[in-house]
Amino acid sequence: MKPMMSRRRLLAAAAGAAGAAALAACGETQIVEVERIVTQEVPVEKVVTREVAVEVEKIVTREVEKVVQVQAPQQEVSFIRYVSNHTSGPRAKANQWALERFAQIQPNIHVRFEPAGRLNDILGVQFAAGTAPDTTLSSQSLFLHFQEGDNWLEVTELLDKHGLVREDYYFVPDDYTDNKVDHSFPPPQVMNGPQFGMPFQVAISGFVGNITLAEESGVELPQSENSWTWADWTEMDSKITNPDTDSYGTWARNDYEFQYMPQMYSNGLAKPFNDALTKAMYDLPEVHEALQYIVDKVFLHETSPPAELTKELGGEFGNPFAAGKIGIWPSGRVYSTGYAIPRIKDRFRWTLMPEVIVRDGMPPGHGWNDQANMVTATARKNGTEEASSLFVLFMAGEEVSERVGIDRGHMPAHRNSIGKPTSIAPPPEGMQWLKVYADRPDTRHLYTFNEWPAWNQQIRPLTAKAFVGETTVAEALEGVQEQSARLLRNYTGPKPFVSSPVYP
6 MKPMMSRRRL LAAAAGAAGA AALAACGETQ IVEVERIVTQ EVPVEKVVTR EVAVEVEKIV
66 TREVEKVVQV QAPQQEVSFI RYVSNHTSGP RAKANQWALE RFAQIQPNIH VRFEPAGRLN
126 DILGVQFAAG TAPDTTLSSQ SLFLHFQEGD NWLEVTELLD KHGLVREDYY FVPDDYTDNK
186 VDHSFPPPQV MNGPQFGMPF QVAISGFVGN ITLAEESGVE LPQSENSWTW ADWTEMDSKI
246 TNPDTDSYGT WARNDYEFQY MPQMYSNGLA KPFNDALTKA MYDLPEVHEA LQYIVDKVFL
306 HETSPPAELT KELGGEFGNP FAAGKIGIWP SGRVYSTGYA IPRIKDRFRW TLMPEVIVRD
366 GMPPGHGWND QANMVTATAR KNGTEEASSL FVLFMAGEEV SERVGIDRGH MPAHRNSIGK
426 PTSIAPPPEG MQWLKVYADR PDTRHLYTFN EWPAWNQQIR PLTAKAFVGE TTVAEALEGV
486 QEQSARLLRN YTGPKPFVSS PVYP
């Protein structure tokens, strides 16, 4: 049995026959191309670019100041004792200011100020008893006298550590530095040698003049260098002296350091002793001439009040110059004008003056000294070496010296302070001369030695006799020579050092 054709196949065959009949009707046979589309799946790699957001970690460094309170290490507190006789007047003012200022800038160093009277007396007792202070005011002779024992403490390295500039200061040898009893002339100008303290209370000789009294007498006081001589001085004294008003041209007195010795220096004396320290030099003609010139003002010219009248002339003002009775006064008042200002007030005009010239071509002579602030061996025992050295350095420094120049109880030790406007402002006028005096390279110190205080005490009464008329000048100086020879004959202390021979 033949299988039956399905409906689908039947329809397809009919469609094919119809197509063939149609072609036959056209009278030709055609080849019909049939496009056979075959779909084939071929694997193709397709690159698709796709933007994808990716998180990128960005590290930003930001410095943030973080304040952390950390307890500062506790500074060690030091307690030091300071002995000084600056207890009244302008010196006390400057001293009090300095102590308060030091407490501000060094709060960890407590200074106990111990006022003293005569340092010569108190220091010897304290050193002997082992009760000396850490720091003390001293002097050139005291430094040498107590240097033999273990009394002073060397602080050279500590001062260097704290910035000491030695050229900044006026210098007196063997005052707080060990210079082997330096008796050189001219003396050294720059601080040198092992150091036990710092300069402080400087004193120097010079001239003050009463402008008002001089002008009333028809005298114009010298105002420039090299402008007057001994002869000019004598003439001015004569014009100013007036018995009717108890006024005198000058005030001649037994003042070793600030009056007659500077005139001896101006007349050619180099120093008071020979190089070997075996004799004094008061047998030289320049010494006799100078002392005679001063004493003659009392007895020959009568242009200076005699010694017995000075107290009466001074009256309530303390001395004849402050009372307005003296025209020209060679003295140490130039370095301590702060004591005279409240006494004189505005009663008369007064001034510092240039120095008198004695010999042509020879510079005027000056005497000066310095009372230094010292560090003692007690500081080593107490462990206050550094605190004590800081204190004496501060007291000598520019800031305190500037204050000293205001109060004017003594001369500033620091070179930068002495010429400042506050230091030269009137009254009195002419304060600029103080710096001129101090800057001279041949200013003489005391040329001390271990027994100098005893020597000074022995010769003062001898020269005093000449000023009161008990002896002649020649007799007084002969007595000084003899007494000096006796003392120096028995002197067993260190012999002086001299850089070059002066009086061999």
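Under our numbering, the first residue of the sequence shown carries the number 6, and numbering increases by one thereafter. No residue lacks a Cβ here, since even glycine has one placed at the ideal position from N, Cα and C. Quick caveat, the model's predicted, so the values are computed rather than measured.
Residues of its chain near residue i, where Cβ-Cβ distance is below 8 Å and the 5 sequence neighbours each way are ignored
i    : result
A29  : Residue placement at A29 is poorly supported in this model, since its pLDDT is 33, which falls under 50; the coordinates are not used for a value here.
V300 : A257, A471, F472, V478
G323 : R348
V57  : Interpretation of V57 is limited by its pLDDT of 43, a score under 50 that renders its predicted location unreliable; no figure is taken from the coordinates.
A382 : A137, D155, N156, W157, L158
V380 : D139, T140, W157, L158, V160, F201, G202, E390, S393, S394, V397
N184 : P178, P193, N197, G198, F502
C-beta atoms of residue i and residue j nearer than 8 Å
i    : j    : result
Q486 : D288 : yes
A312 : Q268 : no
N90  : A121 : yes
H450 : P138 : no
G154 : F132 : yes
D180 : P501 : no
V160 : S394 : yes
T234 : V361 : yes
I209 : V409 : no
V195 : M416 : no
H306 : T239 : yes
Y496 : L282 : yes
F454 : G424 : no
F205 : A418 : yes
P335 : F176 : no
Beta-carbon proximity list for residue i, same chain, < 7 Å, skipping 5 on both sides
i    : result
G474 : F304
N421 : D173, E403
K302 : D242, T255, A257, T308, S309
T427 : E407, G410, I411
W102 : R408
Of the listed residues the options, nearest to residue i (C-alpha basis)
i    : options                : result
R465 : R364, E360, D260, T389 : D260
A430 : A392, R413, V82        : R413
N113 : N184, P227, F84, N387  : F84
A327 : Y340, R348, E313, S341 : R348
Y452 : T217, N374, S489       : N374
P95  : T342, L104, V186, N324 : T342
R1   : P359, N184, E119       : Nothing can be reported for residue 1: it is not among the residues displayed for the chain, which extend from 6 to 509.
E469 : G484, E456, N455       : Contrary to the premise, residue 469 reads as Ala rather than Glu in this sequence. Among G484, E456, N455, the Cα nearest to that of A469 is on G484.
K276 : E391, P192, V380       : P192
Q488 : T246, P369, K284, V380 : K284
R364 : L467, S271, V503       : S271
E119 : K425, F263, T92        : T92
M367 : E230, R385, T427, M379 : E230
A236 : Y298, A345, T140       : Y298
I411 : Y344, A384, L318       : Y344
E162 : V186, N197, F190       : N197
V186 : G211, F278, N247       : F278
D249 : G319, K330, G211, F176 : K330
D126 : K350, M286, F151       : F151
Contacting residues, own chain, Cβ-Cβ under 6 Å from residue i (five flanking each side not counted)
i    : result
S144 : Q376
T356 : G214, I216, P433, E434, G435
P458 : S146
R117 : R86
E38  : At E38, the pLDDT of 40 sits below 50, so the modelled position is not reliable; the number obtained from the coordinates is stated separately. Result list for E38: empty, nothing under 6 Å.
V53  : Residue confidence is low: V53 scores 44 on pLDDT, short of 50, so the model does not pin down where it sits. Its coordinate-derived value is still stated next. Closer than 6 Å at the Cβ level, and outside the excluded window around V53, lies no residue.
CA-to-CA distance, residue j to residue i, given in whole angstroms
i    : j    : result
G129 : N156 : 10 Å
V507 : P290 : 16 Å
G372 : T448 : 6 Å
I333 : Y265 : 14 Å
F353 : G254 : 16 Å
M241 : T389 : 56 Å
S232 : L274 : 22 Å
R520 : E480 : Because the chain spans 6 through 509 in this model, residue 520 falls outside it and cannot be assessed.
V82  : F396 : 14 Å
T182 : L142 : 14 Å
L492 : E456 : 8 Å
F399 : V405 : 7 Å
A219 : L226 : 7 Å
D165 : F201 : 12 Å
S505 : E262 : 24 Å
V170 : N378 : 17 Å
G337 : S252 : 21 Å
E321 : E105 : 33 Å
R385 : L124 : 22 Å
Alpha helix (DSSP H) runs wholly inside the segment 297-360, at least 4 long, in chain order
315-319, 342-349
Entirely within the segment 361-448 and at least 4 residues each: give me those alpha helix (DSSP H) ranges in chain order.
Qualifying alpha helix (DSSP H) stretches, in chain order: 382-387, 390-401, 403-412, 426-429, 437-444.
For the segment 226-309, list the alpha helix (DSSP H) runs that are entirely contained and at least 4 residues long, ordered along the chain.
235-245, 266-271, 290-304
For a minimum of 4 consecutive residues, which ranges assigned as the alpha helix (DSSP H) are wholly contained in the segment 95-172?
If we require 4 residues or more, the alpha helix (DSSP H) runs fully inside the segment 95-172 come out as 124-134, 145-152, 161-166.
What are the start and end residues of each continuous alpha helix (DSSP H) run of 4 or more residues lying completely inside the segment 466-499, in chain order?
478-494
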